[in-house]
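Chains A and B supply the protein sequences, listed in that same order. By the count of this note's numbering, the first sequence reaches residue 406 at its end, each step adding exactly one. By the count of this note's numbering, the second sequence reaches residue 406 at its end, each step adding exactly one. Where a beta carbon is used, it is the ideal one built from N, C-alpha and C, also for glycine. One structure is given here, and the rest of the page talks about it.
There are 2 protein chains.
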Amino acid sequence: MAKANDNYLRLPGNYLFSTIGQKVREYQEAHPEADVIRLGIGDVTQPLAPEIIGALHKAVDEMGAAETFKGYAPDLGYAFLREKIAAFDYQSRGCDISPEEIFISDGAKCDCSNIQEIFSVDNTIAVCDPVYPVYVDSNVMAGRTGLYDTAAGAYKDVVYMPCTAQNGFAPELPQGKAPDLIYLCFPNNPTGAVMKKDRLQEWVDYANKNGAIILYDAAYEAYISEEDIPHSIYECEGARGCAIEFRSFSKTAGFTGLRLGFTVIPADLEADGVRLWPLWARRHGTKYNGAPYIVQRAGEAVYTEEGRAQIKNQIAYYMDNARIIYEGLQSAGYEVSGGVNAPYIWLRTPDNMTSWEFFDSLLSKANVVGTPGSGFGPAGEHYFRLTAFGTKENTIRAIERIRERM
Amino acid sequence: MAKANDNYLRLPGNYLFSTIGQKVREYQEAHPEADVIRLGIGDVTQPLAPEIIGALHKAVDEMGAAETFKGYAPDLGYAFLREKIAAFDYQSRGCDISPEEIFISDGAKCDCSNIQEIFSVDNTIAVCDPVYPVYVDSNVMAGRTGLYDTAAGAYKDVVYMPCTAQNGFAPELPQGKAPDLIYLCFPNNPTGAVMKKDRLQEWVDYANKNGAIILYDAAYEAYISEEDIPHSIYECEGARGCAIEFRSFSKTAGFTGLRLGFTVIPADLEADGVRLWPLWARRHGTKYNGAPYIVQRAGEAVYTEEGRAQIKNQIAYYMDNARIIYEGLQSAGYEVSGGVNAPYIWLRTPDNMTSWEFFDSLLSKANVVGTPGSGFGPAGEHYFRLTAFGTKENTIRAIERIRERM
Numbered sequence: 001m002a003k004a005n006d007n008y009l010r011l012p013g014n015y016l017f018s019t020i021g022q023k024v025r026e027y028q029e030a031h032p033e034a035d036v037i038r039l040g041i042g043d044v045t046q047p048l049a050p051e052i053i054g055a056l057h058k059a060v061d062e063m064g065a066a067e068t069f070k071g072y073a074p075d076l077g078y079a080f081l082r083e084k085i086a087a088f089d090y091q092s093r094g095c096d097i098s099p100e101e102i103f104i105s106d107g108a109k110c111d112c113s114n115i116q117e118i119f120s121v122d123n124t125i126a127v128c129d130p131v132y133p134v135y136v137d138s139n140v141m142a143g144r145t146g147l148y149d150t151a152a153g154a155y156k157d158v159v160y161m162p163c164t165a166q167n168g169f170a171p172e173l174p175q176g177k178a179p180d181l182i183y184l185c186f187p188n189n190p191t192g193a194v195m196k197k198d199r200l201q202e203w204v205d206y207a208n209k210n211g212a213i214i215l216y217d218a219a220y221e222a223y224i225s226e227e228d229i230p231h232s233i234y235e236c237e238g239a240r241g242c243a244i245e246f247r248s249f250s251k252t253a254g255f256t257g258l259r260l261g262f263t264v265i266p267a268d269l270e271a272d273g274v275r276l277w278p279l280w281a282r283r284h285g286t287k288y289n290g291a292p293y294i295v296q297r298a299g300e301a302v303y304t305e306e307g308r309a310q311i312k313n314q315i316a317y318y319m320d321n322a323r324i325i326y327e328g329l330q331s332a333g334y335e336v337s338g339g340v341n342a343p344y345i346w347l348r349t350p351d352n353m354t355s356w357e358f359f360d361s362l363l364s365k366a367n368v369v370g371t372p373g374s375g376f377g378p379a380g381e382h383y384f385r386l387t388a389f390g391t392k393e394n395t396i397r398a399i400e401r402i403r404e405r406m
Numbered sequence: 001m002a003k004a005n006d007n008y009l010r011l012p013g014n015y016l017f018s019t020i021g022q023k024v025r026e027y028q029e030a031h032p033e034a035d036v037i038r039l040g041i042g043d044v045t046q047p048l049a050p051e052i053i054g055a056l057h058k059a060v061d062e063m064g065a066a067e068t069f070k071g072y073a074p075d076l077g078y079a080f081l082r083e084k085i086a087a088f089d090y091q092s093r094g095c096d097i098s099p100e101e102i103f104i105s106d107g108a109k110c111d112c113s114n115i116q117e118i119f120s121v122d123n124t125i126a127v128c129d130p131v132y133p134v135y136v137d138s139n140v141m142a143g144r145t146g147l148y149d150t151a152a153g154a155y156k157d158v159v160y161m162p163c164t165a166q167n168g169f170a171p172e173l174p175q176g177k178a179p180d181l182i183y184l185c186f187p188n189n190p191t192g193a194v195m196k197k198d199r200l201q202e203w204v205d206y207a208n209k210n211g212a213i214i215l216y217d218a219a220y221e222a223y224i225s226e227e228d229i230p231h232s233i234y235e236c237e238g239a240r241g242c243a244i245e246f247r248s249f250s251k252t253a254g255f256t257g258l259r260l261g262f263t264v265i266p267a268d269l270e271a272d273g274v275r276l277w278p279l280w281a282r283r284h285g286t287k288y289n290g291a292p293y294i295v296q297r298a299g300e301a302v303y304t305e306e307g308r309a310q311i312k313n314q315i316a317y318y319m320d321n322a323r324i325i326y327e328g329l330q331s332a333g334y335e336v337s338g339g340v341n342a343p344y345i346w347l348r349t350p351d352n353m354t355s356w357e358f359f360d361s362l363l364s365k366a367n368v369v370g371t372p373g374s375g376f377g378p379a380g381e382h383y384f385r386l387t388a389f390g391t392k393e394n395t396i397r398a399i400e401r402i403r404e405r406m
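In structure tokens, the structure reads:
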């Protein structure tokens with residue numbers, strides 16, 4: 001008799017953003033007149049840049065003519081895109097990454113959740129707390145996390161690394177037995193915190209010393225505005241020996257609805273003597289069929305001179321929103337962080353409210369949707385995330401409402 | 001210390017089509033003058049239909065304007081597409097499938113390989129032999145197949161169901177203990193065989209009796225030309241209680257480079273008392289981020305009146321190729337099957353050559369690429385697959401060359 005994967009049953013409730021969506025839908029059905037502003041899910045609102053739209057139209061035309069039609073994409077992505085990525089995202093920053101080490105995909109969420117598959121189910125994972133839920137949930141599904149302790153809001157076998165105001169929302173090196181797989185995301189989702197280069201170098205050294213692999217999510221690197229903050233983990237010495245990196249076009253160029261990302265696996269990276277590049281290549285070849293040609297052409301357009309300029313403006317637009325939120329909340333007396341090198345603002349809830357209490361209060365009083373910090377892990381309790389991805393008008397209105405009504 | 005997933009190391013060699021690609025590249029480098037015709041990988045060659053191109057351009061324009069821009073898609077796909085699928089692919093054929101039971105994805109390959117995740121790793125799988133390699137390989141990666149027996153060309157714990165000339169290339173019900181998960185693909189890849197409705201009904205009854213789940217790959221249903229052959233397993237009575245179905249736009253509408261497919265999971269389908277719909281929904285929400293909006297709009301265009309007419313012509317074009325291959329090989333004395341309700345022609349190699357011997361011979365003598373039957377499983381040895389997805393000109397030339405040079 002067929003049996004379900006029991007591990008799925010260990011997941012408590014819904015995926016965080018599905019739960020939020022459900023709550024907002026219910027509120028709007030009960031209050032159809034409410035003008036709800038969404039600064040919850042990290043979804044962009046600006047249209048695709050003209051250079052990208054032009055590339056898409058051109059590629060669509062190619063798909064409509066026999067001479068230029070494209071069927072299955074190459075397993076690991078088109079060379080035209082992988083070469084641009086290697087040159088602009090890595091070699092320009094002194095990172096020794098070649099096009100062959102770049103795997104094109106339909107987004108960092110898929111890659112971040114699938115990557116655990118190429119590792120032993122006996123490996124121990126370490127995550128920041130709070131953390132993007134996908135890292136943990138994908139490992140729950142794979143059976144790598146042990147049982148969920150409802151009281152603690154944590155899985156028994158996961159190493160949680162608290163990121164608190166005390167450590168500047170960047171984790172300390174684990175004490176005791178080293179975990180095998182270490183998920184790091186900087187600039188961080190949800191806290192908006194960053195890790196300076198010397199601190200990230202400590203993590204690389206730690207991983208190399210202990211044979212751990214760092215799974216480095218750099219989906220928000222385009223938002224870095226300050227110096228001395230690495231855009232890629234490969235800026236650190238020795239990272240080729242211990243790190244896999246994930247990137248996304250979603251936040252960089254507004255591709256949340258277009259779907260494009262990539263993973264970097266250095267050709268010589270090993271886990272206990274087994275090269276990981278061929279394993280991920282095998283997974284791509286067996287369980288994936290490539291990102292659409294037209295979308296890969298859109299990705300290529302991000303690297304043209306016009307594309308880069310247009311994207312830069314778009315990021316500046318969102319980062320101006322981040323400033324508006326940060327300064328507005330700060331002047332209203334909230335304890336805030338993030339928002340300078342990341343599109344996320346992390347605030348402490350007032351009056352010791354729980355994160356979900358603040359969510360409900362914010363939705364009903366100010367008609368503003370944010371994301372409860374506790375949804376990202378136990379250390380996120382009493383925190384709350386707002387995103388800079390709204391329109392400027394809505395962002396200004398949301399902050400006014402928070403100042404007036406909360 | 002991080003360790004790799006050992007299961008991956010049980011996979012012998014490369015994914016079949018990567019190996020073929022490599023061999024063809026090597027041949028072309030050695031013989032740059034050779035005009036190689038590819039009838040190997042099942043990739044389409046006709047450009048996208050005008051109706052689809054129009055829908056893509058329109059959707060691209062929407063992505064370029066703030067008022068119509070689309071970010072993240074709904075977890076399970078846009079309603080506009082799910083409703084069309086439910087109406088045209090299911091309800092029109094008397095199948096009781098609702099839009100909510102349809103999960104939009106970036107293709108049947110991904111869905112077919114990911115579906116095993118929601119089942120226990122202890123479940124036994126049964127596959128046709130020969131078989132599309134993705135079903136088996138994805139289960140190898142998950143640790144469900146036991147060791148590979150090189151001599152037998154088979155995994156120890158997999159139930160192989162031989163599909164031979166004797167049984168019309170459609171498997172018999174297993175003897176002895178029932179397997180838990182049964183992969184069926186009809187019209188079949190690679191053999192091009194079909195299963196009539198009464199025979200598929202026997203499988204549905206068998207699965208319901210034994211608590212097995214049928215994973216039904218109907219990616220080629222649009223190629224069915226004869227009566228009494230089910231397009232969907234849900235045409236069989238009781239299938240909602242035991243079957244998951246996969247569909248693809250790749251072969252139906254030329255989307256191999258555009259990426260769109262879907263999976264149907266009836267809301268009430270259970271495995272040992274656990275509903276599967278919520279598990280797959282959770283997987284979608286956690287490990288996937290939706291097919292691109294523009295591609296979902298392209299999928300919608302497949303169902304307009306013009307779209308349907310254009311697609312029908314395209315399928316007729318390929319099926320004319322199938323006829324050319326089938327009749328050409330038959331009159332040249334080959335033993336052939338398939339090609340009537342499927343875009344695949346399955347031929348017995350002459351002179352008892354192995355499948356790979358015939359591959360090499362065909363490539364070097366006729367400069368035609370096909371797919372070795374043994375790549376699909378032990379019972380595929382001494383067989384060979386040709387596809388109808390080439391251009392008509394190339395198909396005619398390929399058959400002429402086979403007749404003259406082989």
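Span of the alpha helix (DSSP H), counted from its first residue to its last, around residue i
i: Phe376 (chain B); result: Run containing Phe376 (chain B): none; DSSP gives neither H nor E here.
i: Phe80 (chain A); result: Ala79 to Ile85
Top-ranked residue by Cα proximity to residue i, from the options
i: Ser250 (chain B); options: B:Asp351, B:Glu227 and B:Ala298; result: B:Ala298
i: Glu270 (chain B); options: B:His382, B:Phe119 and B:Arg405; result: B:Phe119
i: Asp6 (chain A); options: A:Gln201, A:Cys242, A:Gly107 and A:Thr145; result: A:Thr145
i: Val121 (chain B); options: B:Asp129, B:Asn114, B:Ser105 and B:Asn139; result: B:Asn139
i: Cys185 (chain B); options: B:Ala152, B:Ala243 and B:Gly333; result: B:Ala243
i: Thr45 (chain A); options: A:Glu400, A:Glu393 and A:Arg401; result: A:Glu393
i: Gly333 (chain A); options: A:Arg403, A:Ile345, A:Arg275 and A:Ala222; result: A:Arg403
i: Ser364 (chain B); options: B:Phe17, B:Ile37 and B:Pro12; result: B:Ile37
i: Ile52 (chain A); options: B:Ile41, B:Ile229 and B:Ala65; result: B:Ala65
i: Pro230 (chain A); options: A:Ala30, A:Pro343, A:Ser18 and A:Gly94; result: A:Gly94
i: Tyr183 (chain B); options: B:Ala165, B:Ile233, B:Glu226 and B:Thr164; result: B:Ile233
i: Asp157 (chain A); options: A:Thr124, A:Ala193 and A:Pro133; result: A:Thr124
i: Thr150 (chain A); options: A:Phe246, A:Cys110 and A:Leu11; result: A:Leu11
DSSP three-state assignment for residue i, whether helix, strand or coil
i: Ile325 (chain A); result: helix
i: Met353 (chain B); result: coil
i: Thr252 (chain A); result: helix
i: Ala271 (chain B); result: strand
i: Pro187 (chain A); result: coil
i: Glu117 (chain B); result: helix
i: Cys163 (chain A); result: coil
i: Ala97 (chain B); result: It should be noted that the sequence gives Ile, not Ala, for residue 97 (chain B). Of the three classes helix, strand and coil, the one that applies to Ile97 (chain B) here is coil, per DSSP.
i: Arg409 (chain B); result: Given a span of 1 to 406 for chain B in the structure shown, any question on residue 409 (chain B) remains unanswerable.
i: Ala342 (chain B); result: coil
i: Gly307 (chain B); result: helix
i: Ile53 (chain A); result: helix
Cβ-Cβ distance between residue i and residue j below 8 Å
i: Arg259 (chain B); j: Val295 (chain B); result: yes
i: Ala4 (chain B); j: Leu181 (chain A); result: no
i: Ile345 (chain A); j: Leu386 (chain A); result: yes
i: Lys70 (chain A); j: Asn114 (chain B); result: no
i: Gly153 (chain A); j: Phe389 (chain A); result: no
i: Asp198 (chain A); j: Pro162 (chain A); result: no
i: Asp272 (chain A); j: Ala2 (chain B); result: yes
i: Asn321 (chain B); j: Tyr223 (chain B); result: no
i: Ala108 (chain A); j: Ser248 (chain A); result: yes
i: Asp217 (chain A); j: Arg240 (chain A); result: no
i: Gly257 (chain A); j: Tyr72 (chain B); result: yes
i: Ser374 (chain B); j: Thr354 (chain B); result: yes
Start-to-end residues for the beta strand (DSSP E) that takes in residue i
i: Gly143 (chain A); result: Run containing Gly143 (chain A): none; DSSP gives neither H nor E here.
i: Val295 (chain A); result: Element bounds for Val295 (chain A): not the beta strand (DSSP E) but the alpha helix (DSSP H), Tyr293 to Ala301.
Exercise. Between the segment 301 to 314 of chain B and the segment 63 to 80 of chain A, do three or more beta carbon pairs fall short of 8 Å?
Worked result: No, the segment 301 to 314 of chain B is not in contact with the segment 63 to 80 of chain A.
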